[in-house]
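In my numbering, the protein residues as written are 17 to 241.
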């Protein structure tokens with residue numbers, strides 16, 4: 017009888033342990049699902065579109081033998097606004113704000129930012145004489161140009177991006193080269209077919225992003241990266 021009681025006690029203890037583990041795992045899974053759904057809801061509530069991921073930094077060491085005319089170090093740095101360029105000043109009094117959009121010629125991916133034409137433009141506009149003509153105390157030039165995008169895609173990028181900006185004094189567009197390259201690649205069709213660039217190509221971060229349940233497609237991972 018004692019053996020039967022001991023066996024029953026062990027079985028009961030085992031059942032309790034299994035139940036505890038099951039409840040614990042269920043709680044972890046439920047918590048994870050709730051957090052993931054909350055992250056997705058927060059992501060979509062922002063209604064923001066960023067061509068470049070804010071605060072992203074890419075530093076490239078170029079091969080001087082292969083690319084002797086380019087600088088040895090190319091910095092592609094994104095500010096908090098999702099623009100290539102420096103951070104905006106904390107005090108924006110008298111700020112003249114410029115936004116650049118376009119394709120690869122405006123993006124200048126293989127050029128260090130000060131050597132790209134948007135970077136050089138910012139330096140020129142910060143001269144005392146230029147500031148006086150603009151009636152400004154300071155100037156900021158942000159760049160949201162992206163390689164390969166044709167004119168119609170740039171229109172979409174601006175339609176989504178501009179509502180985030182409380183004030184812009186000047187928007188500069190450098191367009192057309194990407195359309196010409198695409199036209200030539202497609203053997204010069206007439207008319208040129210519509211571009212097929214999705215939002216995931218136009219914007220590194222956007223509120224319409226689709227999430228999944230694989231590790232790489234989670235909203236929690238996107239927030240942590």
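A virtual CB, placed ideally from N, CA and C, is assigned to each residue, including glycine.
Legend entry - Closest Cα partner of residue 163 within the set 68, 204, 154: As a first step, residue 163 is located in the chain shown; it is residue number 147 there, counting from the start. Comparing Cα positions, the closest option is 68.
Inset, instruction - Flag this pair as touching only if the segment 106 to 117 and the segment 73 to 84 have three or more C-beta atom pairs under 8 Å; answer yes or no. - result: Between the segment 106 to 117 and the segment 73 to 84, the count of C-beta pairs closer than 8 Å stays below three; the two stretches do not touch.
Legend entry - Validate contact between the segment 110 to 122 and the segment 163 to 182 using beta carbons, cut 8 Å, 3 pairs: Yes, the segment 110 to 122 is in contact with the segment 163 to 182.
Inset, instruction - Whole angstroms is fine: what's the gap from residue 228's alpha carbon to residue 31's? - result: To locate residue 228, count along the chain shown from 1; it is residue 212. To locate residue 31, count along the chain shown from 1; it is residue 15. Approximately 35 Å, taken between the alpha carbons.
Inset, instruction - Can you tell me which of 110, 58, 204 puts its alpha carbon nearest to the alpha carbon of residue 224? - result: Along the chain shown, read from residue 1 onward, the residue named residue 224 stands at position 208. When each option's Cα is compared against that of residue 224, the closest is 58.
Inset, instruction - Out of 79, 195, 49, state which residue places its alpha-carbon closest to the alpha-carbon of residue 231. - result: Locating residue 231 in the chain shown gives position 215, where the first residue counts as 1. Here the closest residue by C-alpha is 49.
Inset, instruction - Inspect the CB distances between the segment 82 to 91 and the segment 141 to 158 and report whether three or more fall short of 8 Å. - result: Judged by Cβ distances under 8 Å, the segment 82 to 91 makes no contact with the segment 141 to 158, as fewer than three pairs qualify.
Legend entry - Every unbroken beta strand (DSSP E) inside the segment 65 to 150 [3 residues or more]: Runs of the beta strand (DSSP E) inside the segment 65 to 150: 73 to 77, 89 to 93, 111 to 118.
Legend entry - Residue from 155, 97, 195, 96 whose Cα sits closest to the Cα of residue 169: The sequence position of residue 169 within the chain shown is 153, counting from 1. Measuring from the Cα of residue 169, the nearest candidate turns out to be 195.
Legend entry - Cutoff 6 Å; reference residue 132; Cβ partners in own chain excluding five residues on either side: As a first step, residue 132 must be located in the chain shown, where it is residue number 116. Answer for residue 132: 124, listed in chain order.
Inset, instruction - Let me know if residue 40 comes out buried or exposed under the rule of 16 or more other beta-carbons within 10 Å of its beta-carbon. - result: For the purposes of this step, residue 40 is taken as the residue at position 24 of the chain shown. Exposed, because fewer than 16 other Cβ atoms sit within 10 Å of the Cβ of residue 40.
Inset, instruction - Compare the C-alpha of residue 180 against each of 79, 38, 93, 99 and name the closest. - result: Here residue 180 is taken as the residue at index 164 of the chain shown, counted from 1. Closest option to residue 180, judged by alpha-carbon separation, among 79, 38, 93, 99: 99.
Inset, instruction - Inspect the beta-carbon positions of residue 91 and residue 129 and report whether they are closer than 8 Å. - result: Counting from 1 along the chain shown, the entry for residue 91 is found at position 75. Counting from 1 along the chain shown, the entry for residue 129 is found at position 113. It is a contact, given that the beta carbons lie within the stated cut-off.
Inset, instruction - Return the first residue and the last residue of the beta strand (DSSP E) that residue 200 is part of. - result: On the chain shown, residue 200 is found 184 positions in, with the first residue counted as 1. Note, residue 200: premise wrong, no beta strand (DSSP E); alpha helix (DSSP H) at 193 to 201.
Inset, instruction - List the endpoints of the continuous alpha helix (DSSP H) containing residue 164. - result: In the chain shown, counting from the first residue as 1, residue 164 sits at position 148. For residue 164, no alpha helix (DSSP H) encloses it, and the DSSP letter there is neither H nor E.
Legend entry - Closest Cα partner of residue 65 within the set 222, 241, 235, 233: If you number the chain shown from 1, residue 65 lands on position 49. Ranking 222, 241, 235, 233 by Cα distance to residue 65 puts 222 first.
Inset, instruction - Note down the Cα distance separating residue 185 from residue 61, rounded to an integer number of angstroms. - result: Here residue 185 refers to the residue found at position 169 of the chain shown. Here residue 61 refers to the residue found at position 45 of the chain shown. Between residue 185 and residue 61, the C-alpha separation is close to 28 Å.
Inset, instruction - Could you check if residue 177 is buried or exposed, using at least 16 other CB atoms within 10 Å of its CB as the buried criterion? - result: The residue labelled residue 177 in the question sits at position 161 within the chain shown. Under this definition residue 177 is a buried residue.
Legend entry - Contacts around residue 188, its chain only, beta-carbon distance under 6 Å, and the 5 residues preceding and following it disregarded: What you label residue 188 is simply residue 172 of the chain shown in a count that begins at 1. Cβ neighbours of residue 188 within its own chain (closer than 6 Å, five residues either side excluded): 116.
Legend entry - Close beta carbons around residue 135, own chain, < 7 Å, minus the five adjacent residues each side: Counting from 1 along the chain shown, the entry for residue 135 is found at position 119. The beta carbon of residue 135 lies closer than 7 Å to those of 129 in the same chain, with the five residues before and after it left out.
Inset, instruction - State yes or no: is the beta carbon of residue 211 nearer than 8 Å to at least one beta carbon in chain E? - result: The structure shown contains no chain E; it is built from a single protein chain.
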